[in-house]
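Everything in the sequence shown is counted per this note's numbering, starting at 4 for the first residue and increasing by one. First up is the structure itself, then whatever we jot down about it.
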Amino acid sequence: MLFFIKICRLSLCAAGISMLLFSCAIAPVQPDQNSPAEFETAISYLTDSLLTQMRKDQDLFAPLQDSTKLVIDPFVDGNSRELPVISREIEKIIIGSAEKNFIKLSVSRITSETLGNADYVLNGVIRPEKCKRGATSQDCYSVSAALVNLKTGKIAARADVRMTAENSDYSSEPMSEDSPMYLKDRPLEGSVKIAAGKVGDAADSSYYNSLEALAMLAEAETAYGKADYRTALALLEKASEHPEGQLMKTFSGLYSTYRRMGRMDMAEDVFAKLLATGVEKHKTLTVKFLFDVNAVSFWKDPDLQEQYGLWLRQIGKYFNSSPHCLKIIGHCSRSGTERYNDSLSLERARRIQTLLKPEFPNVLKRSVCIGRGFKENINGAGTDDEHDAIDRRVEFVLTDCE
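See below:
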């Protein structure tokens, strides 16, 4: 009798496989949210949770297919929207865990080719955070991820984990690292919203409708990271011609690629497009000016200083011909006293204002400088490293002239 029961259970499980296109994986055990899990354990749980939820989204009565195809859109930093190197490690674990625990499931990175055949897209957000009481640095991460059904346009699965990743690289991927600005595109914001959404909700339309362009950009990021600038350029140019590809990320990638190829005239032209896109679509720019420690002078790197000259020239020209005025807002990371950082951030904003004057003669009349210190930190860690670089930003905010 016991043998018969076991056979029945196996038969039922096999039937489930044929209908759901998955293996009989054991339901994932959730890590203790009060105690972050080790990196690989956390991401394996995240993967199993998402794919187990995806079972419920499958149509049990649909004709069987060879496999369910899922593509991964690279996980972004939840604060800067940049692509950290750790995202590649996450992808490898997701693919490995899926191959180990689920059959008839094809998982790959998003490209124009893989997207065309995909049933689902997986995207996610990573945020550094302090886990230990009294920690002096961000010693763990929270990760949120979601699966979107590409046929229905709805969120089919969602999961969150907290993890440690002591030996992982949280620096930005080369194309993100080389970007002259922190980018603010609606599809990127939509990706973050989806990762925090609810199962059954419609996926953010700005993200969902831009997937073809985003796939090209993901391919370009991979090529750029391998220093294959010709391939990156071809993909970025193709993305720029797509109806949904007129993004800051596209123009930023083109700027960095032209610069790497030594085509500085083209780089300056496309920086002007990046600038115009940011101002006209979002009314703000967040530029990566890097200052010396506790100073208003720029970091003494010849390559950066050459780029800063180009950026300031184009920013000055743009606002000189614009009917609008602007706020120049300096920010500092959370280290030192509030009073000191308020003063330092104001002086840095004034320094930028002065440097705009050659191309923007009326800059003193048409702009106001503000020092926000660490009052508007986005990250707030105070580590003065790559984790909180966005807290040391300079913003240009469009305003109406009085």
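The beta-carbon is built from N, C-alpha and C at its ideal position, and this holds for glycine as well.
- Within a 10 Å sphere around the beta-carbon of residue 310 sit 16 or more other beta-carbons, which makes this residue buried.
- When 281, 90, 296, 166 are compared, the shortest CA-CA separation from residue 249 is found for 281.
- Rounded to whole angstroms, the separation of the alpha carbons of residue 329 and residue 276 is 18 Å.
- Residue 158 and residue 60 have their C-alpha atoms spaced approximately 10 Å apart.
- Taken in chain order, the unbroken stretches of alpha helix (DSSP H) that lie wholly in the region 258-334 and span 4 residues or more are 267-285, 305-323.
- Excluding the 5 residues flanking it on each side, residue 350 has same chain C-beta neighbours closer than 6 Å at 299, in chain order.
- As DSSP reads the structure, residue 223 sits in no beta bridge.
- In this structure, DSSP gives residue 173 a state outside helix and strand, which the three-state scheme calls coil.
- In the three-state scheme derived from DSSP, where H, G and I count as helix and E and B as strand, residue 399 is classed as strand.
- Straight across, the Cα-Cα distance linking residue 57 with residue 160 is about 6 Å.
- The region 253-268 makes no contact with the region 284-293; the number of CB pairs closer than 8 Å stays below 3.
- Where residue 104 is concerned, the enclosing alpha helix (DSSP H) starts and stops at 89-104.
- Out of 150, 179, 129, 190, the CA that lies nearest to the CA of residue 167 is found in 129.
- Apart from sequence neighbours up to five positions away, the residues of its chain that approach residue 83 with a beta-carbon distance below 7 Å are 185, 393, ordered along the chain.
- A straight line joining the alpha-carbon of residue 53 with that of residue 42 spans about 17 Å.
- Under the three-state reduction of DSSP, residue 193 is assigned to helix.
- The Cβ atoms of residue 118 and residue 214 lie closer than 8 Å to each other.
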